[in-house]
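If you're matching them up, the sequences are chains X, Y and P in order. For the first sequence, our numbering gives the first residue as 1, with consecutive numbering after it. For the second sequence, our numbering gives the first residue as 569, with consecutive numbering after it. For the third sequence, our numbering gives the first residue as 890, with consecutive numbering after it. Presented below is the structure to which this report refers.
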Amino acid sequence: MTQLQENPNLASISPAKIELPSEPWWRFFTFSTDHKVIGIQYLVTTFFFYLVGGALATAVRAELATPEADFLGFERYNGAFTVHATIMIFLWIVPALVGGFGNYLVPLMIGARDMAFPKLNAVAFWMIPPTGILLLVSLLTEAPAAGWTSYPPLSLISGKVGEELWILSILLGGTSSILAGVNFFVTILKMRMPGMKLEDMPLFCWAMIATSVLTIIATPVLAGALILLSFDLLAGTAFFNPTGGGDPVVYQHMFWFYSHPAVYIMILPVFGMISEILPVHARKPIFAYKAIAYSSLAICFLGLIVWAHHMFTSGTPDWMRVFFMIATMAIAVPTGIKVFSWLATLWGGKIRFTSAMLFGMGFVSMFVVGGLSGIILSSVPLDIHVHDTYFVVAHLHYVLFGGSVFGIYAGLYHWFPKMTGRMMNEFWGRIHFVLTFVGFNICFLPMHKLGLMGMPRRVAQYDPQFADLNWISSVGAFILAISTLPFLFNAIYSWVAGRKAGDNPWEALSLEWTTTSPPPHQNFYGDPILLTGPYDYGTHSKETLDYFASQLKTLRELALMDTEAPHS
Amino acid sequence: MSALNNIILVAIGILLTIASIWYGQNHHLLPASAADSAPLFDSLFNSTITIATGIFLIVQGVLIYSAIRYRKRRGDEGDGDPNHGNVLLEIVWTAVPAVIILWLGVASLDVYQAINGGVDVGGHAHSGMAMAMEASSYEAEDPSYAYTPVVVSGGEVGQPDLVVQVQGMQYAWVFTYPESGLVASELHLPLNKRVRLDMTALDVNHAFWVPQFRLKQDVIPGRETHLEFVPSELGEYPIVCAELCGPYHGVMGGQLFVDTPEAFASWQEEQILAARPDSNALALAPETQPESAFAKAQRHRLGIPDDVHTLHRQFGSQSSG
Amino acid sequence: MQGSLAPDTLVVGHIQANAAHAEHPDHRVFGILVFLVAEACLFLGLFIAYLAFSLNSPVWPPEGTPERELLLPGINTLILISSSFVIHKAEPAIKANNVKGLRLWFALTALMGAIFLAGQIYEYSNLEFGLTTNLFASTFYVLTGFHGLHVAAGLLFILAVLWRSLKPGHYSAQHHFGVEAAELYWHFVDGVWIVLFVLLYLL
């Protein structure tokens, strides 16, 4: 058939030789500079923290199952929701998306051998465990109890030790994410394989550019705020303490200047992942590539100028309220573009209902609910009523759980075969999806009504008129807690004994699927080759694609022979 | 596209519209309303819910339809239609949300102005002149405006009939009526009178929220914030603290009573009588609070030179008897 | 039809052919620049907080803040700004493979940086207000202190480059990333000081 297969050298290669040396398990516990090892380190570490944060969430919901504060008690309740939020944001969603998926996928997708700064990358990862340890230690002493927003003056009087541990933990985590942000920005702009223009990149990489820009610009401002808060706490200054002439509202501005962009840091990579996953399993090109790519940048820009919409009731001057309302509403446009483009991607496809696809479609469905409640929150007069109520809790969980976590699950199911070389069990994947989807909606849907009817957030005890809906919500939370079990066992079992995946089990076209599963140290055998665009579904015949695959395999064998030749 | 398809599409569109409008009016998501600005909120909220329901149904409908119609059939290993863009469609779904957002922005602005009356909550209240001008420019706007301004039964916006000083502290509200010097732990307000609350906190941030009024304002130590409204329904309403203020944040509440003017007057008299000598209702002597320390520093900036001071004198003299 | 495709014509749309995996490309200077953007945002946040505090206060600095002397900080500022020009001389030197020149200019910069830090410490010890005197005093110490830390870090960076330059051949016309990075960092620290000086002493 091809000239290659007539190559006499090839005949002598036994299939076993092409088999890859997989990473020995202990490599994942070392200071490895391989972006794939680091990516998996991030994912496993953060998943552990997700379980811890989830346990805290379950405790919080157990407390709220009845109107009286009879499970955790008042003080411990505040500690529990504070640490829950902090873990979920700083030790799960941000590092899992940016550190985990970003690390694993970006170099593979742009055809690079590794990140621009591999050692820095490892340093950034190894800051995560101490971040978590500091936070968990604070739970054992006196937990920080001023909420993850940690507004002064409350944060200055509710326990010095826990608060300071919280600050140190966030500063460490923040530094880690700035370093990662710098690394991604440089990697994507400078390390793309020759011939790959920005507009040839998979959309995940666009999302990661936007994410890194936000990280680089916004995170340092949070660090500044926390340094000042630390001085107030320990040295007796009064930056945010009105007793000494300081202004607590300045903290709120600095805090939200980071923490609103942080919301986009937590959702933009998911947008990117969904833009990868939907086309593969719908067997269709992504609809409106450029619109999706540029809308990420638009969201990045707008995300930096909307922070004060968290402060509509903070005594913010009128002109600010109006400006931030308009800017916030404007974000609906690029976000809408993405959602409609995803729907158009599904339209006319041949959808394969894999677990990854179920979570991907679940993401679109749930994220839209969060987006719509976000529209209500953006309007000043409407926000004045619902601000700091359970409506906000519902909204943020639809965005961060229904959005980010569904997206992470979709990503895990989708790239698990690439990362481990083995398939996850689809049956248990579906069980996992149904449990998560049902539990999630039972848990968070009623909260919309609770907030609108008058239940404030962050309360251990509440008006008995809200008892029924809270009880339903708690049942949902328990289902949600249970729903992680099938995933956990599925992942562990499949990693050890799952069906072998092969290079490209989903017949996907982006670059990471052209190498082996898991990929070798330098990612590609020989040089990466762009045979197709990342979304060229339906434009090549099956025969052509099979031919490409066989050619890649042949090239790989040749490359392997090249590397082995000097030794033999 | 066949005629049948067109008919089906139109029918779906009509059904969607009906469903959205119906839900926008019948969502039962809000408590009763009791301030005269609350109907403005409700009407904006209902319109927003109508639009949101429409978008929700469209998105979920397309998702479910695609899941069924475009599922992979058994034995079909092929790819879908390689269509990767449609400029017209993209323009439509950029422009339509933009228009909706523009509408919502303008409507929100109008409602906000009407509810808030241009009272700058962050610091001082505007002067009466500026207020009157803003109010008139607001009325001069588009006559087809969806939210008919409610006729304010109380005084002019920015010129309240009653001012109440509100102090938030862990974990209680204290209300002071400067005219009578009355200090109370529950808030009584006369029906249909314009009320302004001058609020500050003694220790940490709190937020004053009355769900039935649809109004909320953070109460912040070291600065004075304001709320202005006209209670329009008699009754008893909860005052909820909506900003985390410590472990017992959930317990921090209060009652708000909207009374007839007569009932309000007699309540005030009763309270003043009850607050004579040995009443321990005023155990919270202001000297024991950190408030006075920073209040002094902030008073100048806030432009409320003497109010707080005289208040304290009244407050103090009453408690000391 | 596929049979006609030889491996070297395995091209659909885009391709790259030559071996580029021999060396990890060096993007460290770009990386430093991006990192400095993050650092700048940190200072920017602190500056804006300072402005917010000052605009919120009726009198700024608050009444009772002792007058600050301008002479010593002025001299200090001049020293720091000139050191930026001094360190800039090092780059052409190393580009001409002149390691001695590099050492000279770096040593001079280090000396000027050390004088600046000493001046700063002297100023601290003679100020009539402490960290918690009032809001201005707190911002003054935190901003200058935080900047001082950055100067100290830059100084260590410069000394490290000096130390390494002792090893023959460590820096050459082609390979002198450390020199460039130290210089960039020093310019940054200098720029921050100019804003700081205007904010804290002149406004």
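For glycine and all other residues, C-beta sits at the position ideal for the given N, C-alpha and C.
DSSP state of residue i, grouped into three classes?
| i | result |
| --- | --- |
| glycine 696 (chain Y) | Legend: pLDDT at glycine 696 (chain Y) = 33, less than 50; position of this residue unreliable, no value from coordinates given. |
| alanine 65 (chain X) | coil |
| lysine 197 (chain X) | coil |
| glycine 821 (chain Y) | strand |
| histidine 414 (chain X) | helix |
| lysine 160 (chain X) | helix |
| histidine 774 (chain Y) | strand |
| aspartate 647 (chain Y) | coil |
| arginine 457 (chain X) | coil |
| proline 107 (chain X) | helix |
| histidine 253 (chain X) | helix |
| glutamine 785 (chain Y) | strand |
| methionine 767 (chain Y) | strand |
| methionine 320 (chain X) | helix |
| glutamate 838 (chain Y) | helix |
| leucine 172 (chain X) | helix |
| valine 639 (chain Y) | Before going further, note that residue 639 (chain Y) is arginine rather than valine in the sequence given. Three-state result, arginine 639 (chain Y): strand. |
| proline 129 (chain X) | helix |
| leucine 1085 (chain P) | helix |
| tryptophan 506 (chain X) | coil |
Determine the contact status of residue i and residue j, defining contact as a CB-CB distance below 8 angstroms.
| i | j | result |
| --- | --- | --- |
| tyrosine 1074 (chain P) | isoleucine 983 (chain P) | no |
| glycine 195 (chain X) | leucine 530 (chain X) | yes |
| leucine 485 (chain X) | leucine 469 (chain X) | no |
| alanine 238 (chain X) | isoleucine 89 (chain X) | no |
| serine 1027 (chain P) | leucine 1020 (chain P) | yes |
| proline 202 (chain X) | proline 520 (chain X) | no |
| isoleucine 472 (chain X) | isoleucine 431 (chain X) | no |
| glycine 111 (chain X) | methionine 208 (chain X) | no |
| glycine 803 (chain Y) | valine 826 (chain Y) | yes |
| tyrosine 151 (chain X) | glutamine 41 (chain X) | no |
| aspartate 610 (chain Y) | leucine 597 (chain Y) | no |
| isoleucine 128 (chain X) | serine 176 (chain X) | yes |
| arginine 728 (chain Y) | arginine 764 (chain Y) | Inspection of the sequence shows that residue 728 (chain Y) is occupied by proline rather than by arginine. Taking 8 angstroms as the Cβ cut-off, proline 728 (chain Y) and arginine 764 (chain Y) qualify as a contacting pair. |
| glycine 790 (chain Y) | proline 242 (chain X) | yes |
| leucine 134 (chain X) | leucine 172 (chain X) | yes |
| threonine 954 (chain P) | phenylalanine 1025 (chain P) | yes |
Check the Cβ of residue i against every Cβ in chain X and list those closer than 7 angstroms, keeping chain order.
| i | result |
| --- | --- |
| serine 1061 (chain P) | None at all; the shortest Cβ gap to chain X is about 22 angstroms. |
| proline 955 (chain P) | What proline 955 (chain P) touches in chain X: nothing, since even the nearest Cβ is about 17 angstroms away. |
| valine 1040 (chain P) | In chain order: nothing, as chain X lies at least about 17 angstroms away. |
| leucine 935 (chain P) | Gly224 |
| tryptophan 661 (chain Y) | Gly336, Ile337 and Phe340 |
Could you name the residues of chain P that residue i contacts, counting a contact when the two beta carbons are closer than 8 angstroms?
| i | result |
| --- | --- |
| alanine 262 (chain X) | In chain order: nothing, as chain P lies at least about 14 angstroms away. |
Using a beta-carbon distance below 8 angstroms, is residue i in contact with chain B?
| i | result |
| --- | --- |
| asparagine 773 (chain Y) | The displayed structure is made up of protein chains X, Y and P, and chain B is not among them. |
What residues of chain Y sit near residue i, judged by a beta carbon separation below 8 angstroms?
| i | result |
| --- | --- |
| valine 60 (chain X) | In chain order: nothing, as chain Y lies at least about 13 angstroms away. |
| glutamate 543 (chain X) | Simply none; closest approach about 12 angstroms. |
Given that residue i touches chain P, what residues does it touch there, using C-beta distances under 7 angstroms?
| i | result |
| --- | --- |
| glycine 246 (chain X) | Leu1024 |
| isoleucine 178 (chain X) | Ala927 |
Find the residues of chain X that neighbour residue i, judging by a C-beta separation of less than 9 angstroms, and give them in chain order.
| i | result |
| --- | --- |
| asparagine 651 (chain Y) | Lys284, Pro285, Phe287, Ala344, Trp347, Gly348 and Gly538 |
Give the residues of chain Y in contact with residue i, contact being defined as C-beta atoms less than 7 angstroms apart.
| i | result |
| --- | --- |
| lysine 449 (chain X) | Leu597 |
Which chain Y residues sit within Cβ distance under 9 angstroms of residue i?
| i | result |
| --- | --- |
| arginine 376 (chain X) | Checking the displayed sequence, the identity of residue 376 (chain X) turns out to be isoleucine instead of arginine. Those within 9 angstroms of isoleucine 376 (chain X) in chain Y are Phe613, Thr616, Ile617 and Ala620. |
- Task: Inspect the CB distances between the region 232-243 of chain X and the region 366-379 of chain X and report whether three or more fall short of 8 angstroms.
- Result: Touching, no.
- Stretch-stretch touch, CB-based, cutoff 8 angstroms, three pairs: the region 491-507 of chain X with the region 410-428 of chain X: In short, these stretches touch, since the Cβ pair count reaches three.
- Item | Minimum length 4: unbroken alpha helix (DSSP H) runs contained in the region 926-1012 of chain P | Within the region 926-1012 of chain P, the complete alpha helix (DSSP H) runs of at least 4 residues fall at 960-977 and 979-984.
- Taking the runs of the alpha helix (DSSP H) that are 4 residues or longer, which of them lie wholly in the region 267-309 of chain X? Contiguous alpha helix (DSSP H) elements confined to the region 267-309 of chain X occur at 289-303, taking only those with 4 or more residues.
- At what residue ranges does the region 651-678 of chain Y contain a whole run of the beta strand (DSSP E), taking only runs of 3 or more? Counting only runs of 3 or more, we get nothing.
- Task: Examine the Cβ distances between the region 309-322 of chain X and the region 648-658 of chain Y and report whether three or more of them are shorter than 8 angstroms.
- Result: Taking a cut-off of 8 angstroms for Cβ pairs, the region 309-322 of chain X and the region 648-658 of chain Y do not touch, as fewer than three such pairs fall below it.
- Query: Does the region 1074-1085 of chain P come close enough to the region 1033-1045 of chain P to have 3 or more Cβ pairs within less than 8 angstroms?
  - Reply: Under the 8 angstroms Cβ criterion, the region 1074-1085 of chain P counts as touching the region 1033-1045 of chain P, having at least three qualifying pairs.
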